[in-house]
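Novice: Once you've had a glance at the structure underneath, I'll fire off some questions.
Chains as they are written, first to last, in this note's numbering: chain A, 9 to 438; chain B, 5 to 298.
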């Protein structure tokens, strides 16, 4: 082992190298985005969280416990599935566009959300707090949080927009079965945004014994960086799996972007691979021109919401504009600050996918591959097909497209059945 | 104190001019009482009537006015203020309307009642931080209270406020560390807003026990003036808090008088009565002691 001065020099060199990697940028800022735009009352808790997170990062016992939970509880590594019958819809000759799905839908609780939740729940234990609160849109994060709370014996309260409790009644029942209290939020737009406001109010009031287990890569520092770290396993596994399967890196990596946690978790492993094109697909709702969408990069502008500076749907008075998506999980007016930074850097491309395009891709994956995706993930599937067709039109062959299947569609069966007219009350809902 | 000649346009920023809010608090301290700081949102139930409400409050004894910009995502506010803000937005309230109300208060009081704007950061960011400071100063405003903007993120606002001699009121909370109390005391101008309790705005049965200690700690950290808000709703609360604070900030208890379906004149009467009760509270805050706070 080298002596101390040499070790220090090595550490410093490594630190410089790491500082140059997009994948390892630390908060509070991602370029001009991020920060901490929150009431002073929360700063002590955020500082405590950051300190505990940094300590945990350097603690092999923490890593070992998280690895054990990933393996024995979540079921990681999640598989990589090639979907040739689906990929055929990108056009070209067979094999021109190969599509691989990273199967986060096969995780315990049905989505990528469990990666972050288990990491934060272990931090809650380390901090000695006894209560967790969470926000949820589609319910995936709420279910994951209720699950981890049950596993570790924590009290759990989940805030959910009243509109979303109606859209995702099955997940409300699931959270309650797991012992959580679900609080419907009946103010504002009654969706995810307002659930986050209520969770922040609760946290300001009860911060001494309560951890806000935030579900995506937004919010005040350290959440955007910390949640990315807990999800980076998605991309690291997928990168290795693609290399193993096709002998090279993918040409295109695609994911849906609500807050952006599944996308950042996947993108992160490829951020410093210049040849890999990264695509994030936002909810285009009824079309960006309709005004009923959640396409922050097409229809928004930089601003501040929920503790971070980032792209935001807002009017010319700085009021948050209501967002819309067929998917409760993408129905959020802002986006994680790292995505805003990647957008402005030009490192990732963000495009809207309409409700109709997403539901068409949803049905296509069901019928060609026997996989029912979450409607969130269906946005990524539709976008991947669009990009695939573009690649074919450019005459590119032998293209490898990696798509994050961030969640499974069990929770969305009622929405999809109504969309496709398979339920008697279909006309009422459409 | 006077502004140094190089203060504007030369790149240097001046923080040495007298704060209008601070001067008002000093004048009241000399009279042996704290200030009553009253909050109302702009645009509830509409802009014209919110002007009537604010002037009613001034006439009934408020010493410093706090005017809220209604915002879609007010995470520091409880249900009463949020309800008023939602209604104000639904009625079409705009950020620029706050300037009209500021002007109205300045006209009504002959400039003697400092008026602070309370705004979440995004509406100001969207308006343009420099433009907002310029227009607020031109309208006769004294400064701004920023519930979701901590000094760490406030470089742009601090520069703009300094350029236009505006007060910068940042918040401290019972959870603030001594280091953060110092940081906030240094960054603030006018006064430091001490949250009496951990939580959002709204009337409570009792004011947080930690408020008195927080005021003492904030003074020890260098703040010249500390006002206490959150949870103050009665004359007795005001008298209790006014014993040790430079000002008593009341929001929800005043806003509540304006909610509901009573005729507007009756609601204004109620607002005047509650304001007068609170003014009576601050007037007797220090009568049982030998002087103001040290």
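Cβ atoms here follow ideal geometry from the backbone N, Cα and C, with glycine treated the same way. In this text the structure is predicted, and so the values were computed from the model without any measurement.
1. Would you list, in sequence order, the uninterrupted beta strand (DSSP E) runs of no fewer than 3 residues that lie entirely inside the region 398-433 of chain A?
2. Are the C-beta of residue 137 of chain A and some C-beta of chain B separated by less than 8 Å?
3. Could you tell me the distance, in whole angstroms, from the CA atom of residue 421 of chain A to the CA atom of residue 374 of chain A?
4. Check each candidate in A:41, A:431, A:432 and name the one with the smallest Cα separation from residue 230 of chain A.
5. Roughly how many whole angstroms lie between the Cα atoms of residue 370 of chain A and residue 330 of chain A?
6. Quick one, which residues of the region 141-167 of chain B are near chain A if we go by CB-CB under 8 Å, in chain order?
7. Name, going along the chain, the residues of the region 28-52 of chain A whose beta-carbon falls closer than 7 Å to a beta-carbon of chain B.
8. Using 8 Å as the threshold, is the C-beta distance between residue 275 of chain B and residue 57 of chain B below it?
9. Would you kindly report the start and end of the unbroken alpha helix (DSSP H) that includes residue 113 of chain B?
10. So what does DSSP say about residue 48 of chain A, is it helix, strand or coil?
11. Give the secondary structure of residue 340 of chain A by DSSP, where H, G and I count as helix, E and B as strand, and everything else as coil.
12. Quick one, are the C-beta atoms of residue 307 of chain A and residue 129 of chain B less than 8 Å apart?
13. Leaving out five residues before and five after residue 32 of chain B in sequence, what residues of the same chain have Cβ atoms less than 7 Å from its Cβ?
14. Would the region 148-164 of chain B count as touching the region 187-202 of chain B if we require 3 or more Cβ pairs under 8 Å?
15. Jot down the residue ranges of each uninterrupted beta strand (DSSP E) in the region 180-230 of chain A, minimum 3 residues, whole runs only, in chain order.
16. Between which residues of its own chain and residue 93 of chain B is the CB-CB distance below 6 Å, once the five residues before and five after are set aside?
17. In angstroms with no decimal places, state the Cα-to-Cα distance between residue 84 of chain A and residue 168 of chain B.
18. Please state whether DSSP places residue 139 of chain A in a helix, a strand or coil.
19. Check whether the region 192-209 of chain B and the region 226-244 of chain B touch, using three or more Cβ-Cβ pairs below 8 Å as the test.
20. Select from A:340, A:344, A:324 the residue whose C-alpha is nearest the C-alpha of residue 316 of chain A.
21. Determine, using beta-carbon pairs with one atom in the region 239-259 of chain A and one in the region 404-412 of chain A, whether at least three such pairs fall under 8 Å.
22. Can you grab the Cα-Cα spacing for the pair residue 210 of chain A / residue 191 of chain A, in whole Å?
23. Our contact map puts residue 363 of chain A next to residue 282 of chain A with C-beta atoms below 8 Å; I'd like the distance itself, whole angstroms only.
24. Mind checking residue 128 of chain A: buried by the 16 CB within 10 Å criterion, or exposed?
25. Under 8 Å between C-beta atoms, does residue 15 of chain A make it to chain B?
26. Which first and last residues belong to the alpha helix (DSSP H) in which residue 363 of chain A is found?
27. Are residue 145 of chain B and residue 195 of chain B close, meaning C-beta to C-beta below 8 Å?
28. Between the alpha carbons of residue 263 of chain B and residue 88 of chain B, how many angstroms are there, rounded?
29. Below 8 Å on the Cβ atoms is my guess for residue 166 of chain A versus residue 150 of chain A; work out the distance and round it to an integer in Å.
30. Identify every residue that forms a DSSP beta bridge with residue 357 of chain A.
31. So what does DSSP say about residue 117 of chain A, is it helix, strand or coil?
32. Enumerate in chain order the residues of its own chain whose CB-to-CB distance from residue 435 of chain A is below 7 Å, with the five nearest sequence positions on each side excluded.
33. At 7 Å on the CB atoms, spell out the chain B contacts of residue 169 of chain A, in chain order.
34. Tell me where the alpha helix (DSSP H) around residue 26 of chain B begins and ends.
35. Would you decide whether residue 63 of chain A is buried or exposed? Buried here means 16 or more other CB atoms lie within 10 Å of its CB.
36. Please tell me whether residue 326 of chain A has its Cβ less than 8 Å away from any Cβ of chain B.
Specialist: On the basis of the coordinates in this document:
1. 407-413
2. no
3. 11 Å
4. A:41
5. 25 Å
6. 151, 152, 153, 154, 156, 157
7. 43, 44, 45, 46, 47, 48, 49, 51, 52
8. yes
9. 101-113
10. helix
11. coil
12. no
13. 38, 39, 67
14. yes
15. 189-193, 218-220
16. 74
17. 58 Å
18. strand
19. yes
20. A:344
21. yes
22. 11 Å
23. Rounded, the Cβ-Cβ distance is 34 Å, inconsistent with contact.
24. buried
25. Because residue 15 of chain A carries a pLDDT of 45, less than 50, the predicted location of this residue cannot be relied on, and the following value inherits that uncertainty. Taking Cβ atoms only, chain B never reaches closer than 8 Å to residue 15 of chain A, which makes this a no.
26. 363-377
27. no
28. 7 Å
29. 4 Å
30. A:287
31. coil
32. Unreliable placement is indicated for residue 435 of chain A, whose pLDDT of 48 sits below 50; no coordinate value is reported for it.
33. Neighbours of residue 169 of chain A on chain B: none; closest Cβ ~13 Å, over 7 Å.
34. 24-34
35. exposed
36. yes
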